[in-house]
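J.: Going line by line, the protein sequences match chains A and B.
Mapping of the first sequence onto our numbering: residues 7 to 390, in sequence order.
Mapping of the second sequence onto our numbering: residues 22 to 320, in sequence order.
The beta-carbon is built from N, C-alpha and C at its ideal position, and this holds for glycine as well.
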Amino acid sequence: MMEILEGSHAVAEAVRLCRPQVVAAYPITPQTHIVEALASMVADCKLDAEYICVESEFSALSACLGASAAGSRVYSATTSQGLALMFEVCFNVAGMRQPVVMTIANRALGAPLNIWNDQQDSISLRDSGWLQFYAEDNQEATDLHFIAYKVAEDHRVLLPAMVCFDGFILTHTYEPVDMPSQEAIDAFLPPYAPVNILDAKKPMSLGMYATPDYYMEFRYETDQAQKRAKEVFAEVGAEFAAKFGRDYSGLVEGYRLEDADMAFIALGSICGTVREAIDEMRADGKKVGLLKVRSFRPFPSEEIRAALPGVSKVAVLDKNISLGQKGALALEVRDALYGSGIDVKGYILALGGRDVRQADIKAIADLLEKGEGDQFFGLRTEVL
Amino acid sequence: MTEECELFECGHRACGGCGPALAARLIMKATGENTIVVASTGCMEVFSTPYPETAWGVPWIHSLFENAAAVASGIEASLKKQGRDEHVVCICGDGATFDIGMLCISGAFERGHDITYICYDNEAYMNTGIQRSGATPYDADTTTSPAGKCSTGNPRPKKDLPAILAAHGAAYVATASIAYPNDLIKKVQRAVSTHGPNYIQVHAPCCTGWGFDGSQTMAVGRLAVETGLWVNYEMMNGEVERVRKVGHRKAVDDYLSVQKRFRHLYRPGRNEEEIAKIQAIADANAAKFGVDLNMKKEE
Ligand SMILES: Cc1ncc(C[n+]2csc(CCOP(=O)(O)OP(=O)(O)O)c2C)c(N)n1
Ligand code: SF4
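1) Please output, in chain order, the residues near ligand 2 using a CB cut-off of less than 7 Å to any non-hydrogen atom of the ligand.
2) Short of 9 Å Cβ to Cβ, which residues in the stretch 35-64 of chain A face chain B?
3) Taking only beta carbons into account, state which residues of the stretch 210-231 of chain A come closer than 9 Å to chain B, listed in chain order.
4) Kindly list the residues whose CB is nearer than 7 Å to the CB of Phe305/A, restricted to its own chain and excluding five residues on each side of it in sequence; keep chain order.
5) Helix, strand or coil for Gln210/B, going by three-state DSSP, please let me know.
6) Just verifying my parser: in three-state terms, what is the DSSP assignment at Asn306/B?
7) Please tell me whether Ile199/B and Ala44/B are closer than 8 Å, where the distance is taken between their beta carbons.
8) Does any residue of chain A have a CB that is nearer than 8 Å to the CB of Arg46/B?
9) Would you kindly report the start and end of the unbroken beta strand (DSSP E) that includes Ile204/A?
10) In whole angstroms, what is the alpha-carbon distance linking Val267/B and Val29/A?
11) Quick one: list the residues of chain D neighbouring Cys70/A, beta-carbon separation under 8 Å, in chain order.
12) Should Gly116/B be flagged as near chain A, meaning a C-beta pair shorter than 8 Å?
13) Once DSSP output is grouped into helix, strand and coil, what is the label at Cys113/B?
14) By Cβ distance below 7 Å, which residues in the same chain neighbour Ala147/A in space, the five residues on each side in sequence not counted?
15) Please identify, using Cβ separations under 9 Å, the residues of the stretch 105-132 of chain B that lie next to chain A, in order along the chain.
16) Cutting at 7 Å between CB atoms, please list the residues of its own chain near Gly278/A, excluding the five before and the five after it.
17) Excluding the five sequence neighbours on either side, which residues of its own chain have a C-beta within less than 6 Å of the C-beta of Met8/A, listed in chain order?
18) For chain A, find out if any of its Cβ atoms is closer than 8 Å to the Cβ of Leu85/B; answer yes or no.
19) For Val95/A, decide whether its Cβ has a neighbour in chain B, counting only Cβ atoms nearer than 8 Å.
20) Counting only the same chain and skipping the five closest in sequence on each side, list residues whose C-beta sits under 6 Å from that of Gly77/A.
21) Among all the DSSP beta bridges, which residues are the ones paired with Leu260/A?
22) Can you list, in chain order, the residues of its chain with a C-beta nearer than 8 Å to that of Lys249/A? Leave out the 5 residues immediately preceding and following it.
23) Please tell me whether, using a cut-off of 7 Å, the distance from the CB of Val113/B to the nearest non-hydrogen atom of ligand 1 is below it.
24) Is the stretch 119-134 of chain A close to the stretch 349-359 of chain A, with three or more CB pairs under 8 Å?
25) Any chance the CB of Thr62/B is under 7 Å from a heavy atom of ligand 1?
26) Quick check: what's the CA-CA separation for Arg263/B versus Asp162/B?
27) Any idea what DSSP makes of Gly311/B, helix, strand or coil?
28) Determine the contact status of Ala365/A and Ala321/A, defining contact as a CB-CB distance below 8 Å.
29) What residues from chain B crowd round Ser78/A, counting only those whose CB sits closer than 7 Å?
30) Around the C-beta of Thr75/B, are 16 or more other C-beta atoms found within 10 angstroms, so that it is buried, or is it exposed?
31) Identify whether Pro202/B lies in helix, strand or coil by the three-state DSSP scheme.
32) Which chain A residues are close to Ala42/B, counting only those with a beta carbon under 8 Å from its beta carbon?
33) Just to confirm, does Glu87/B get its C-beta within under 7 Å of one of the non-hydrogen atoms of ligand 1?
34) List, in order along the chain, the chain B residues whose C-beta lies closer than 8 Å to that of Gln27/A?
35) Do you know how far the Cα of Val157/A is from the Cα of Glu54/B?
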C-alpha cells in the first residue's frame, strides 16, 4: 500500500513486518523516531516483541547478542556516537555469527559534536564482519530491511547486517513508500531458524577463547561467509523483485551507464542528487552515468568492474574519510578497478551534513575531466 | 554425567587450589542442568573454555569483559518471548562486576530482569596479572597498587557492591564463601528460585594472586570469615536477614600473615598502624552485621 511516511516511520513499519521477537535500542538523533515508533507499536500490541529499554547502546547491542544467541530474531538501531559505543560488541556479534539486523541512521562522529549526516560511523565498522547495505531513498531503506533479515539469517551467511540510510536527509523526510502487507512479508521472510543456540537441552559453549592455533580460522570462516553473502543477496533481491516488483538483485545499480565515458560512484541518498545532475549534464551532451553501490560489505568488486565497460574516468564520492589517506569507497573502487586503465579520482564531500547540490556534482565532473581529484570538495576557503 | 564429570569440572585448566574454579563447581551443583551461563572475560573464561574444549556441561556464552549483565538481559527476554524457563546465571569476576561492568549491571537490575548475577570475588584482576579492582581489600599488594617505600598497597577499602545492588531493588542479595560450600549452594538455589535480578558475591581466594599454597584455599577462605574481614550474610528486599556468626573472632593477623599480598605489613617489622586499620575494618564489619556471638572479641 502506498503511504506518505517519514523515513524513520517507514523503517519502523518495515521492522514491525519482519516480526522481531526482541528489540533493544537507545535513543540518539537522528535515529530516535525509529525506536519511539517501535516502542509505541509494542505498547499498542501492534508488535509482539520484548522491548528492552536499555541504559546505553553498549547494552542495546549486548542484549541483542544474548537474545539472538538464545534463538530470537532481534533488532536494534543507532548512529554515530551510539555505534562507536557498540564497537566492541559489533565484532563479537559478527564473530559469534549472530544475524542481528540494525538500522544505522548515518551521522557524523565527534569531535566536534555534529548531529548531521555523513557516513563515517558505519564505514568505520567495515572490518567488523557486519554486512552493510546503503539505501538511496526511503523505499529502498524500507525494502532493504526485509532483504537484510533474509540474507543475514540464511544458513550460508549467518552474519549481522546494518541497513544504512542517511540521517535527516532520509530519516526525517516524508516520501511516498509502498509498504508490503504482513501476509506478503510472512511469505517472503520465514521465522528465524537458528543453527546453534543456547539451550539447556543441548548444551554448547559460544564465544570461547581461541588461541593462535584456531583464531585465524574463525576470521577466515567469517570472510567466506561475507563472500557467500554476495550470491545470497542477489538471490534474495531477485526473489523480492519477483514478489514485489522492485529489483534489488544487484549489489550495484547503474544509471545511464550504457554509453557513458565518465561515471560517478557513491553510496546512499547522494545518488538521487547525482541522477538529477546526470540528466542535466546529458542534456548538455556529456556522457555521464552513475553506479550506485548498494552493498558496501560484501564489497562488489567484480560487479563494479563489469558495470563500467566504456568508462575511462570515475569520480568516487565519499561522505567519509580514512584520515591521512582517502575516502573508503574511493580506495576500494580503485582496488576493484586495478589494472582496468580507468582513472579513479576520489572526492570527500558532505561531511557533517554539508549540503551537496546538483551544481556541485557538475563541478566535480569538471574537476574529473581536468584530472583534478583525490581532494576535499567544497571546503571553506579560509583553511586553504 | 559421571560422578567425576559434573556440570562444571571436566577439563578445566585452573591453578591447583583455585577458589573461583571451586566456586563454579558449587554454583553449577546448585543451579542444575536447566541453566544458561553468561561469563565475562577473566580467569574463569580462559581456564574453562580453551577452544575447542569446554568445561561447561550447560549452555555457556562468553560475551565481553563488561557486558554479561546486558547479554543476560537479552537472553532472558528471548526466553520469555519463546516461553522457555531456563535459569540465566552470570558468573563474573570482581573486575567485571565492580568496575567495568557496573553500567550494564545497574541497567539490568533497574530493569528487573529475572537473572542471577554471581560475582566470584578473588579481589583483583587475575587474568591480566593481579591488578587492583574495586573489590581489592585495603593494603593488598597488587601490580597496580604495589607496596613500596611510599605505599602500603591498595589505598582504598572494598566497594560495597551488595549494598549498591540492594539499593537497585534486588529482591535477594547474598554474600558467600567457597569455604562454606553448603551455605553457598543454598544461597545460589535461593537466588535462582527468587524472581527478578539477584546478586551473590562469592569470596573465592586465588592462591596465585594472593600468594599462598593451593592446598590452603579453604583454610584461607575460612580465616577471612573468622576474622570478620569477610562476612557471609543474606539480604531480602534490602534488609540484612541472616548473618554467619563467629564464636571467637580471630585477629586479622591470622589471615593477613599467611598471604604474600600482605607480606609488606610484616617486613621488615610489623606495621602496627596499618594492621590496626585493617583490624578496625574487621571490627566495623562485625559491629555492622552483628557477627560476634560473644560480644567481646578474644585477643
Ligand atoms: C574492555 C576490556 N578491557 C580490558 C580487558 C583486559 N582484561 C581481561 S580480563 C581482565 C581482568 C579480569 O578480572 P576479573 O573480572 O576480576 O576476573 P579474574 O581474572 O580475576 O578471574 C582484564 C583487565 C578486556 N578484556 N576488555
Ligand atoms: S590465577 Fe587465581 S583465579 Fe586464576 S586460575 Fe589461578 S588460582 Fe584461579
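T.: Let me spell this out:
1) Chain order is used for the residues whose beta-carbon lies nearer than 7 Å to a heavy atom of ligand 2, namely Ala35/B, Cys36/B, Gly38/B, Cys39/B, Gly40/B, Pro41/B, Ala42/B, Cys64/B, Phe68/B, Asn143/B, Met147/B, Asn148/B, Cys227/B, Cys228/B, Thr229/B, Gly230/B.
2) Those residues of the stretch 35-64 of chain A that come within reach of chain B (Cβ to Cβ, closer than 9 Å) are Asp54, Ala55, Glu56, Tyr57, Ile58, Cys59, Val60, Glu61, Ser62, Phe64.
3) Hits within the stretch, in order: Met210, Ser211, Leu212, Gly213, Met214, Tyr215, Ala216, Thr217, Asp219, Tyr220, Tyr221, Phe224.
4) The answer, listed in chain order, is Glu338.
5) Here Gln210/B carries a helix assignment [DSSP, helix/strand/coil].
6) Correct three-state label for Asn306/B: helix.
7) It is a contact, given that the beta carbons lie within the stated cut-off.
8) Nearest CB-CB separation between Arg46/B and chain A: not below the 8 Å threshold.
9) Reading the sequence as shown, one finds Leu at residue 204/A and not Ile. Careful: Leu204/A lies outside any beta strand (DSSP E) and carries neither H nor E.
10) Straight-line Cα distance between these residues: approximately 49 Å.
11) Considering every chain present, this structure includes no chain D. Its protein chains are A and B.
12) With respect to chain A, the C-beta atom of Gly116/B has no partner C-beta closer than 8 Å.
13) Reduced to three states, the DSSP call for Cys113/B is strand.
14) Closer than 7 Å at Cβ, skipping near neighbours: Gly13, Ala16, Val17, Ala141, Val169, Phe171, Leu176.
15) Cβ contacts with chain A come from Arg105, Glu107, His108, Val109, Leu124, Cys125, Ser127, Gly128, Ala129, Glu131, Arg132.
16) Excluding residues within five positions, the ones whose Cβ falls inside 7 Å are Glu142, Asp143.
17) Cβ neighbours of Met8/A beyond the five flanking positions: Pro182, Asp184.
18) By this cut-off, Leu85/B is an interface position.
19) Yes, Val95/A lies at the interface with chain B (some Cβ there is under 8 Å from its Cβ).
20) The beta carbon of Gly77/A is closer than 6 Å to those of Pro200, Ile203 in its chain, skipping five residues each way along the sequence.
21) According to the sequence shown, residue 260/A is Gly rather than Leu. Residue pairing by DSSP places Gly260/A opposite Leu297/A in a beta bridge.
22) The beta carbon of Lys249/A sits closer than 8 Å to the beta carbons of Ala190, Ala193, Phe194 from its chain, once the five residues preceding and following it are set aside; these are given in chain order.
23) Going by the sequence as given, residue 113/B is Cys instead of Val. For ligand 1, a non-hydrogen atom lies closer than 7 Å to the CB of Cys113/B.
24) In short, these stretches touch, since the Cβ pair count reaches three.
25) Thr62/B has its Cβ nearer than 7 Å to a heavy atom of ligand 1.
26) Counting only the Cα atoms, Asp162/B lies some 32 Å from Arg263/B.
27) Three-state DSSP puts Gly311/B in coil, outside helix and strand.
28) For Ala365/A and Ala321/A, no; Cβs fall outside 8 Å.
29) Within chain B, the residues near Ser78/A are Ser99, Lys102, Gln103.
30) Thr75/B comes out buried.
31) When secondary structure is reduced to three states using DSSP, Pro202/B falls in the helix class.
32) Those do not exist, as Ala42/B stays about 16 Å from chain A at its closest Cβ, beyond 8 Å.
33) A heavy atom of ligand 1 is found nearer than 7 Å to the CB of Glu87/B.
34) Going along chain B in sequence order, the residues near Gln27/A (Cβ under 8 Å) are Ser99, Lys102, Gln103.
35) C-alpha separation (whole angstroms): 34 Å.
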